[in-house]
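In this note's numbering, the protein residues as written are 433 to 662. Every residue, glycine too, gets a C-beta built ideally from N, C-alpha and C. Inspection log for the structure reproduced underneath, given as C-alpha cells.
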Ligand code: DX5
Ligand code: ZN
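Pasting the structure below:
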C-alpha cells in the first residue's frame, strides 16, 4: 500500500511579530518546523489585508523550508506567477474564489509548484472532488478565513475525514491540511480525523517559546495520528 503523507507542522507567520519576522522564521526552523505558512489576504475575498509577493520573497531569502502560500484572494490565477517567482513552493487557492479551479490547478503545476485547494468551513467537500486526483494538498479551514487567533470549529472534522478518503485510492501522498485554531488540544482530534499537515499560528507565536510550542504540537499530532482514520 502506498505510504500516506507524513505528519508536518507549518507555523503561520501571520501570528508572528512582523517587526522581527526574520527571527520568527529562524525560530520556527530551529524548532523543527516542516514548512512555513504564509497567509495572503486581499481585503475582498476576506475582510482583512496582509501582504504580497515581496514579503514572501523576503522570507524565501531567509530559509530553505518549503513555503506554503495560502491565497485568500479573489483572483488567485492572476497572482500565481508572482507568488511562484517570489519563492512559493505550494500555492493554495480557494475553490470559492473567482478563478476557475481546474485552470488554477493547471496554472500552478505549469509554474512548477505544488498546488493546494482550500475550502471554507461552510463549503462542502464536493467542491474539491473533481480536482482531488491532481492536488498536492487539500486545505480544510477550521476557522472563517481572515484572522489568526480564532476558535477552532470542530464541525469541520468530518470534512477532514472525507478529504482523506477522497485521496486514499488515487492520490495517497497528497496532504490533508487543517488551518485555524490548531492548538495542542485541537490538533489531536484533527490528526485522528485524518489531517497530516497542521497550520499553527497563535499556538506557535503568541506565547511561550516557539521551540516548546512546536514540541507540544508535535506530541499532540503524533498522539492523534496513532488513532487516525486512514
Ligand atoms: C486564517 C489563516 C490562518 C491563520 C492561522 O485566515 O488562514 O492560517 O493564520 O492562525 P491560528 O492558528 O492562530 O488560527
Ligand atoms: Zn492560512
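{"Query": "DSSP three-state call for residue 524: helix, strand or coil?", "Result": "strand"}
{"Query": "Please classify residue 443: does DSSP put it in a helix, a strand, or coil?", "Result": "strand"}
{"Query": "By DSSP's criteria, residue 607 is part of a beta bridge. Which residues make up the other side?", "Result": "569"}
{"Query": "Could you pull out every residue in the same chain whose Cβ sits closer than 6 Å to the Cβ of residue 475, ignoring the five residues on either side in sequence?", "Result": "481"}
{"Query": "Using only CA atoms, which one of 633, 437, 604, 487 lies nearest to residue 451?", "Result": "487"}
{"Query": "For residue 469, list the residues DSSP reports as bridge partners.", "Result": "444, 500"}
{"Query": "In three-state DSSP terms, what is residue 627?", "Result": "coil"}
{"Query": "Nearest CA to the CA of residue 489: which residue from 515, 504, 473?", "Result": "515"}
{"Query": "May I ask you to check if the CB of residue 476 is nearer than 6 Å to at least one heavy atom of the ligand ZN?", "Result": "no"}
{"Query": "Residues in its own chain within less than 7 Å of residue 625 by CB, not counting five upstream and five downstream?", "Result": "589, 592, 593, 661"}
{"Query": "What residue range is occupied by the uninterrupted alpha helix (DSSP H) comprising residue 600?", "Result": "589 to 600"}
{"Query": "In this structure, does DSSP put residue 541 in helix, strand or coil?", "Result": "helix"}
{"Query": "Using alpha carbons as the reference points, say which of 556, 510, 467 lies closest to residue 535.", "Result": "510"}
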